[in-house]
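Single-structure report; data block below.
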Ligand SMILES: Nc1ncnc2c1ncn2[C@@H]1O[C@H](COP(=O)(O)OP(=O)(O)OP(=O)(O)O)[C@@H](O)[C@H]1O
Ligand SMILES: [Mg+2]
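Chains as they are written, first to last, in the numbering used here: chain A, 1 to 265; chain B, 1001 to 1453.
Next comes the structure, spelled out in C-alpha cells:
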C-alpha cells in the first residue's frame, strides 16, 4: 500500500532549520500542545499527521507566530529558526513571516486580481525594482504553483473567481512568490481533485530543493508520498517523529500504528 | 440488477408508509402555518406601503404650493426726481433713497396699468394698490436700480412679488368668506385681482427664490425662502463629514483591529452603543455648555451646529464601521499576515477596502440623520430669524449666524400665517429630496465598490 515510501528512502543528512523544545500551547485553559520537541530539517518535507483536533494546525501556526493573532492563545517553550528564538521579544513577527510563509487549509485569495494576489507580497517586501521584474516574479510564482497555464490569459480577473482547487494553487503561488525559507502548509490539498493534488505534490517535491516544507495532511498516502519526515500528533502530544519510511512501515508506538492502519482517528 | 428494479411499479403495489398523493396531518398543519405567516408578512408590507403613500401624498399636496408664487408684471417708471434728486447718478446718493422712495412708483405703475386696462373698480388711488403688492417688491426694484443706475429715468418692466393674500387667493388658500374679517385685503381688491388675472397681469410662476432665498419677517411669507438655511445645513454637514468620518473610522479601526480585548475596551464599546441611543437634545445642551459657554464659540454658527451633530453622528459611524470591519472574513487577515504584511498593512490594504461599502453607507446614513436633526439646534440658537443674505465667503459660512433646513421648517410651522404653513411643507419636500439623494448616493457607492468583485 505504501510502495511510494521506498522510493524516498534516501534522506540526506541536512541541518536543522527549525528546532522546537518543550513547546506548550494553551487556548485559555485548554492545553492544546503538550511538551512538543521537534527538529525540522532544511530542504526536507516534514508531514504532520494525527486525528482531528490533536493540535497539528495549532503547532504549525506556532512556527510563524500566526497564533499571535488569537488573543486567548499562549505559547510557552522555545522555538528556534536557524538558532534564533522566534518568540524573543526583539523579533518582529512580520519579519519572521516573510521567512516562514504559510498556505492555509481553506483557500483564501485576496479579493483582488490574480496578478495582485501574487504581486502583493513581493511589493510590500520591495522585491522588485520595476514592473518588468514584478511581472517576472509573478509568472515564476504562478508557474511554480502549477497554475500559470490556466490563468496566464486572465491575470486581471479576480482571484476569487477561480475554482476551489485553482484558488488553492494560487495561494501556494502567492506563498512562494515571497521566497520564504520555510513553507508551512495546512492541509493544502483538502479542496483539490486528484490531478491538482498530484500537481501540488509535485510542486512540494520541487520546493524541497530550496526550502524546508512542513505539511499537515489527513491523507496517509500523501504523507507517505511527499514527506521524508513524519510527526504523529495525538491529543496534543507528539507521539512519534522520525523518517517517513520508518513511521509507516515500522512504527514504534502502538498509537501510531493504530492510527495509520485506520483504527483511531 | 434485476429487471424488476427497472420496470415501473405495478398499480397494485401500495407504498408502505402512506401515499405521497395524500397530505398527512403534520404536513397540512405545517403548510397552513406557512400560509398564515405569508399573509401576516404581506399585510405588514401593505400597511407600511399605505402609510408611505399617505405620507407622501400629504406632503406633496401641502407642499407643492410653495414652489409656485404669484407675480404681478408692471412697467415701473423709475422717476429721476424721486430716485436721484441731484441728477448726478452718484451711487452713494442713489443708495440714500430707501425702499419708501420706491413704493409710490410701484403703486403708481400698477394703478396706471389698472386704468389702462379700463377695469371698473372703486379703488381710485395709487395708494389702494398697496394691498396687492408685497412689501418686499420695493426692495427688489431698489436692488435692481442700485445694481444698474442707468435704469433711472426709464420705464422698466418688473415682475413684482404679489402680496401673500393675493398669492393665497390664487392658490385657493384665501377665500372671500375669510377676507371679510381680514384687515389686509378686502373684497374690492379681490375683484381687481380677478380682473388683473384675466388680463394676464397677475399670474403664478415658478418660485425660484423659495429655493434660493433667505427667511423673511412674519408678515412677508411671500418672500421667505430656504436657501440661506440650506447653506447653513451645507456648512454643518461639511463640519460633520470632515470630523466624524476620520475620527469615527480611525476609532473603529483601532477598537476593532488593534485594541486589546479587556475590560476597558469592553466599557468603551458599551458606552459607544449607549451614546447612539442618547436623545439628540442632550447633545444640544452639551454643545451649549461646552462649545458656546465654555469655549465661547459664536452662537447660532454652523461650526457649533456641526460640532454638536458630529458628536451625535460619531456613534452611528463607529457602530456601522465596526460592523463592516467585523464582517470581513478573518481568512483575509490571515492571508495578508501569512505573506508577511504588518497588521497595519493587512488592515489598510485588505480589510478596509472590503469594509468600505459598509463604512460609506453608515457614514451617509449618519449624515442624513444629522441633516434632519432639529432638537440640538434649538439649544444652540441655530433656529430663528436669519433674513440676512448669504454669508460672505467660506470662512463666514462657518461662523456667521445661520439656521438649518429642519430648524427653518420648524420655525415656519410655528408662525401664525397659513402661508408659512405651506412653506413649511414645501421645505419638507426639499429636505426629503436631499435625504433621498443622499440615500441614492449611498446605494450607488455601495454598488460601485461591491461590483469590483
Ligand atoms: N482559536 C481557538 N480557540 C480555542 N481553542 C482552539 C482554537 N483553535 C484550536 N483550538 C483547540 O485546540 C485543539 C487543537 O486544534 P487544531 O486546530 O490545532 O487541531 P488540528 O489537529 O489542526 O485538527 P484538524 O485536523 O481537524 O484541522 C482543539 O481541541 C481545538 O478545539
Ligand atoms: Mg487543522
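For every residue, glycine included, the Cβ atom is placed at its ideal position computed from N, Cα and C.
These figures come from a predicted structure and were not determined experimentally.
What are the partner residues of residue i, as DSSP defines its beta bridges?
i, result
"residue 234 of chain A", "A/237"
"residue 1155 of chain B", "B/1077"
"residue 101 of chain A", "A/183"
"residue 26 of chain A", "A/31 and A/74"
"residue 242 of chain A", "A/230"
"residue 1204 of chain B", "B/1070"
"residue 81 of chain A", "A/18 and A/84"
"residue 39 of chain A", "A/19"
"residue 1149 of chain B", "Bridge partners of residue 1149 of chain B: none, in fact."
"residue 214 of chain A", "A/46 and A/184"
"residue 1162 of chain B", "B/1133"
"residue 158 of chain A", "A/113"
Rounded to whole angstroms, what is the Cα-Cα separation between residue i and residue j?
i, j, result
"residue 35 of chain A", "residue 58 of chain A", "13 Å"
"residue 1376 of chain B", "residue 1282 of chain B", "7 Å"
"residue 1245 of chain B", "residue 1273 of chain B", "17 Å"
"residue 29 of chain A", "residue 225 of chain A", "37 Å"
"residue 1294 of chain B", "residue 1286 of chain B", "10 Å"
"residue 1233 of chain B", "residue 154 of chain A", "48 Å"
"residue 1378 of chain B", "residue 1346 of chain B", "44 Å"
"residue 141 of chain A", "residue 131 of chain A", "15 Å"
"residue 1048 of chain B", "residue 1033 of chain B", "23 Å"
"residue 252 of chain A", "residue 209 of chain A", "30 Å"
"residue 4 of chain A", "residue 37 of chain A", "For residue 4 of chain A, the predicted model reports a pLDDT of 44, less than 50, meaning its position is unreliable and no value from the coordinates is stated."
"residue 75 of chain A", "residue 184 of chain A", "18 Å"
"residue 1086 of chain B", "residue 1102 of chain B", "17 Å"
"residue 1336 of chain B", "residue 243 of chain A", "33 Å"
"residue 227 of chain A", "residue 85 of chain A", "26 Å"
"residue 197 of chain A", "residue 91 of chain A", "35 Å"
"residue 1217 of chain B", "residue 1307 of chain B", "29 Å"
"residue 1205 of chain B", "residue 1222 of chain B", "13 Å"
Residue i touches chain A at which residues, Cβ-Cβ below 9 Å?
i, result
"residue 1334 of chain B", "66, 69, 102, 104 and 108"
"residue 985 of chain B", "Look at the range of chain B in this structure, 1001 to 1453, and you will see that residue 985 of chain B is not part of it."
What residues of chain A sit near residue i, judged by a beta carbon separation below 7 Å?
i, result
"residue 1342 of chain B", "94"
"residue 1345 of chain B", "124"
"residue 1414 of chain B", "Chain A residues near residue 1414 of chain B: none, gap ~53 Å exceeds 7 Å."
"residue 1326 of chain B", "Here the premise fails: no neighbours, minimum Cβ distance about 15 Å."
"residue 1350 of chain B", "110"
Please list the partners that residue i has in chain B, where partner means a Cβ-to-Cβ separation under 7 Å.
i, result
"residue 120 of chain A", "1339"
"residue 195 of chain A", "Here the premise fails: no neighbours, minimum Cβ distance about 25 Å."
"residue 98 of chain A", "1340"
Closer than 7 Å to a non-hydrogen atom of ligand 3 - does that hold for the CB of residue i?
i, result
"residue 56 of chain A", "With respect to ligand 3, the structure offers nothing, as its ligand set consists of ligand 1 and ligand 2."
Let me check you understand the geometry: is the CB of residue i closer than 7 Å to at least one non-hydrogen atom of ligand 2?
i, result
"residue 1269 of chain B", "no"
"residue 1455 of chain B", "The displayed coordinates of chain B run from 1001 to 1453. Any statement about residue 1455 of chain B would go beyond what the structure contains."
"residue 103 of chain A", "no"
"residue 186 of chain A", "yes"
Interface residues of chain B around residue i at Cβ under 8 Å?
i, result
"residue 175 of chain A", "1338 and 1339"
Just to make sure I have the definition right: I need the residues of chain B whose C-beta is within less than 9 Å of the C-beta of residue i. Which are they?
i, result
"residue 178 of chain A", "1339 and 1340"
Please indicate yes or no: does the CB of residue i lie closer than 7 Å to some heavy atom of ligand 1?
i, result
"residue 32 of chain A", "yes"
"residue 27 of chain A", "yes"
"residue 234 of chain A", "no"
"residue 52 of chain A", "yes"
"residue 215 of chain A", "no"
"residue 79 of chain A", "no"
"residue 72 of chain A", "yes"
"residue 218 of chain A", "yes"
Could you tell me which chain A residues have their CB closer than 8 Å to the CB of residue i, listed as they occur along the chain?
i, result
"residue 1261 of chain B", "71"
Next item on the list: Could you say if the region 1288-1307 of chain B and the region 1347-1360 of chain B meet the contact criterion of at least three C-beta pairs nearer than 8 Å?
Entry: no
Margin query: Pairs of beta-carbons, one from the region 1077-1092 of chain B and one from the region 1101-1114 of chain B, closer than 8 Å: are there three or more?
Written below: yes
Next item on the list: Kindly confirm or deny that the region 1160-1178 of chain B and the region 1122-1136 of chain B touch, where touching means at least three C-beta pairs closer than 8 Å.
Entry: yes
Note to self: I want to know whether the region 187-201 of chain A touches the region 164-174 of chain A - three or more CB-CB distances under 8 Å.
What the structure shows: yes
Next item on the list: Count the CB pairs spanning the region 92-105 of chain A and the region 61-78 of chain A that are closer than 8 Å, and state whether there are at least three.
Entry: yes
Check: Can you find at least 3 beta carbon pairs, one from the region 1428-1435 of chain B and one from the region 1059-1066 of chain B, that sit closer than 8 Å?
Finding: Because the criterion of three Cβ pairs below 8 Å is met, the region 1428-1435 of chain B and the region 1059-1066 of chain B touch.
Check: Looking at C-beta atoms only, is the number of pairs between the region 1324-1343 of chain B and the region 1396-1413 of chain B that lie closer than 8 Å three or more?
Finding: no
Note to self: I want to know whether the region 117-136 of chain A touches the region 199-208 of chain A - three or more CB-CB distances under 8 Å.
What the structure shows: no
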